[in-house]
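This report concerns only the one structure given below.
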Amino acid sequence: MSDVRQAPERAYGRLAFQGTVAIGVAQFCKVVLQLVSLFALSRILSPVDFGLVAAVTPIVAFVTLVQDLGLQQTLVQTRSIGPEQISRLFWINIGVASLIALGLVLVAPLLERFYGDPRLPALFRSWAIPLVASAAASHHIALLNRDLRFRELAFVDISVALITTVMAVLAALALRSYWAIWMSVTAGSLMAFSMAATLTGWRPMRPWVGAETRHLLRFGVHVGGTNIMSFLWAHLDKVIVAKAFGPVQLGLYDLSYKLQLMPSSHVVAPLGRIVAPILGRLKDDASAYRDTYLTFASAMTWLLTPGILAFGIAADDLVPLLFGEKWSSAAPIFAWLTLAGSSQILFTMGNWLFISQHRTGEMLGWNAVSSLMALVSFLVGLHWGLVGLAASFGLISLLIRAPLMLLVVGRTGPVAARDLAGLLAPVVVSAILAFALVAFLDGAEGMGGLAAIALSLFSTYGILALVLVAVPSSRRRLTRVTARANALRLRSQDA
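Counting from 1, one number per residue, gives the positions in the sequence shown under full-length UniProt numbering.
What follows is the structure, encoded as structure tokens:
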């Protein structure tokens, strides 16, 4: 290997390791703070309060995706972009966000007609404020990400999570209503904008400065379209639940959904800030690209998936312990949704491959099909009530959508479908064995509470470790992943 090749690999290895540490610390802090917020709010507020916010947030999330147009990923992934183009993208983002915010104000009365609740229009209109603030913040955050300034990104994440949690708890104690959640979201959006703008030091040019941005917008539209499709299966179920079962049941479902999604949204997705731009710079070196991706993907799959499934197995004990007995009826909902949560890790990591290889058109097509399958699962499961909806979504995600994702994303490029299947196979085998073991021991001993949760965790992780060590192909893969991770660590020490 030549020195020319070694230098960028060493530099990216150092950045990858340091970025992983920084983002890892930030995400740990965010998860802890969000759990504190959930624990506190679930005891101060009622399921109705959570349900009212959950009825509004899917619509807000949708318009946020439309407003973004995939421009964050465009800024991060585009190799060559001038200052005029960066400024033009900023003003496009702000202009679209402002128009959508005005639209929220105008259409708010329609929510009362749809849901039959007079409290929703005011809450919906108020979301225009964090919407515009988030649009401005996202541009500065993308610039930090483009420059691989992971420590600054981590600092922003921790600060925003802290102010959001503090505001949520204080407002809930003072107001005892759903407005506390809105206040925390608004405070976090404003904090993100002020901090990111200060750290970048970037200021936009005048709005009328000309620049060629059609090719950038095309890339962004593909990414934005994918985000919209992902939104459909991530949030449309809440609209269906709200309409079919009302705010109380929606509150139970929304809390369960947020809990199972935390590993993907707070660990894997933020890690994409590091992995996707580095993969984009390595895409001309197939060997380095494949090694880097499989290191991160294997680590995330083996570290997170057993925990998600363990909590699903112990849901009857976990949910009341975390949130109180009034949330006990959410346990079976959460248990089925953990199947979707484990699949979501694969979907998120698959998007790293699509984006870094500039296969955004293909990514858009796949997500359209995947979203349609998710919608069908919601409608099919609806006939068996709320638990049936969660079960249908979880099973279809795990048994149909996830295998198809392997075939689509691995059909071309340095990372093949067999590579992805190889890192997933030990998890599937160990999960089946762990479920059988826990069911047998729990039935024989009558365990409950912390003992049942500990048994589930010990079984899922313990059996996975045995499978990785005992099966020759898995042992070789574990050895390779360990060697890659150690290489990244050593490169991080080179200066």
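From the three backbone atoms N, C-alpha and C, an ideal C-beta is built for every residue, glycine too.
Burial state of residue i, where buried means 16 or more other Cβ atoms lie within 10 Å
i, result
"Leu106", "exposed"
"Ile432", "exposed"
"Ser287", "exposed"
"Gly95", "exposed"
"Gln6", "Confidence in Gln6 is poor, its pLDDT being 43 and thus under 50, which makes the residue's placement too unreliable to answer from."
"Ser139", "Checking the sequence shown, residue 139 turns out to be His, not Ser. The residue in question, His139, is buried, as its Cβ has 16 or more Cβ neighbours within 10 Å."
"His266", "buried"
"Asp147", "exposed"
"Gly324", "exposed"
"Lys30", "buried"
"Gly19", "buried"
"Leu102", "exposed"
"Ala444", "Note that Ala444 scores 48 on pLDDT, short of 50, meaning its location in the model is unreliable; the coordinates nonetheless yield the value given after this. Exposed, since its Cβ has fewer than 16 Cβ neighbours within 10 Å."
"Val438", "buried"
"Ala470", "exposed"
"Arg477", "buried"
"Leu379", "exposed"
"Arg88", "buried"
"Lys238", "buried"
"Phe440", "exposed"
"Phe28", "exposed"
"Pro109", "exposed"
"Val4", "Residue placement at Val4 cannot be trusted, given a pLDDT of 35 that sits under 50; the coordinates are not used to answer."
Rounded straight-line distance, which links the Cα of residue j to that of residue i
i, j, result
"Leu406", "Ala331", "30 Å"
"Leu120", "Ser474", "52 Å"
"Asp49", "Trp179", "9 Å"
"Ile400", "Val408", "12 Å"
"Ser328", "Leu339", "19 Å"
"Lys243", "Ser177", "21 Å"
"Lys283", "Phe296", "16 Å"
"Ala434", "Val56", "39 Å"
"Leu199", "Ser189", "16 Å"
"Leu309", "Ala368", "27 Å"
"Leu236", "Pro58", "7 Å"
"Ala154", "Ala197", "15 Å"
"Arg418", "Leu294", "12 Å"
"Gly410", "Ala416", "4 Å"
"Pro247", "Gly116", "11 Å"
"Ser184", "Leu162", "10 Å"
Pick from the options that is closest to residue i, judged by C-alpha positions
i, options, result
"Ile100", "Ser184, Ser126, Ala192, Arg113", "Ser126"
"Gly381", "Leu322, Ser159, Gly394", "Gly394"
"Ser159", "Arg411, Ser194, Ile129", "Ser194"
"Thr165", "Leu35, Phe323, Lys243", "Leu35"
"Val169", "Ser37, Tyr257, Ala142, Ala297", "Ser37"
"Gly251", "Ile23, Val53, Ser264, His358", "Val53"
"Leu352", "Leu309, Leu153, Gly413, Val60", "According to the sequence displayed, residue 352 carries Trp and not Leu. Checked all of Leu309, Leu153, Gly413, Val60; the closest Cα to Trp352 is Gly413."
"Leu259", "Val32, Thr460, Arg149", "Val32"
"Ala40", "Gly449, Ala196, Leu173", "Leu173"
"Met167", "Val156, Phe155, Ile181", "Ile181"
"Ala391", "Arg113, Ser256, Ile23", "Ser256"
"Phe150", "Ala22, Val248, Pro58, Thr460", "Ala22"
"Ile81", "Val241, Leu143, Leu294", "Leu143"
"Thr292", "Ala108, Pro277, Ala122, Ala192", "Pro277"
"Gly280", "Thr186, Thr305, Ile355, Glu362", "Ile355"
"Leu304", "Leu261, Ser98, Arg290", "Leu261"
"Leu464", "Met300, Val428, Gly449", "Val428"
"Trp202", "Trp366, Glu84, Ala61", "Glu84"
"Arg290", "Gln249, Phe311, Gln357", "Gln357"
Residue i beta carbon near the ligand NAD (any heavy atom closer than 8 Å)
i, result
"Trp366", "In the structure shown, the ligand NAD is absent, as is every other ligand, since no ligand is present at all."
Inter-stretch contact (C-beta, 8 Å, three-pair minimum) for the stretch 326 to 342 and the stretch 450 to 457: The stretch 326 to 342 vs the stretch 450 to 457: no contact.
Stretch-stretch touch, CB-based, cutoff 8 Å, three pairs: the stretch 268 to 278 with the stretch 43 to 61: Three or more Cβ pairs closer than 8 Å define a contact, and the stretch 268 to 278 falls short of that threshold against the stretch 43 to 61.
Sufficient close CB pairs (3 or more, under 8 Å) joining the stretch 411 to 423 to the stretch 370 to 387: No, they do not touch.
Inter-stretch contact (C-beta, 8 Å, three-pair minimum) for the stretch 371 to 381 and the stretch 307 to 318: Contact fails: fewer than three Cβ-Cβ distances are below 8 Å.
Sufficient close CB pairs (3 or more, under 8 Å) joining the stretch 252 to 265 to the stretch 344 to 352: Contact holds: three or more Cβ-Cβ distances are below 8 Å.
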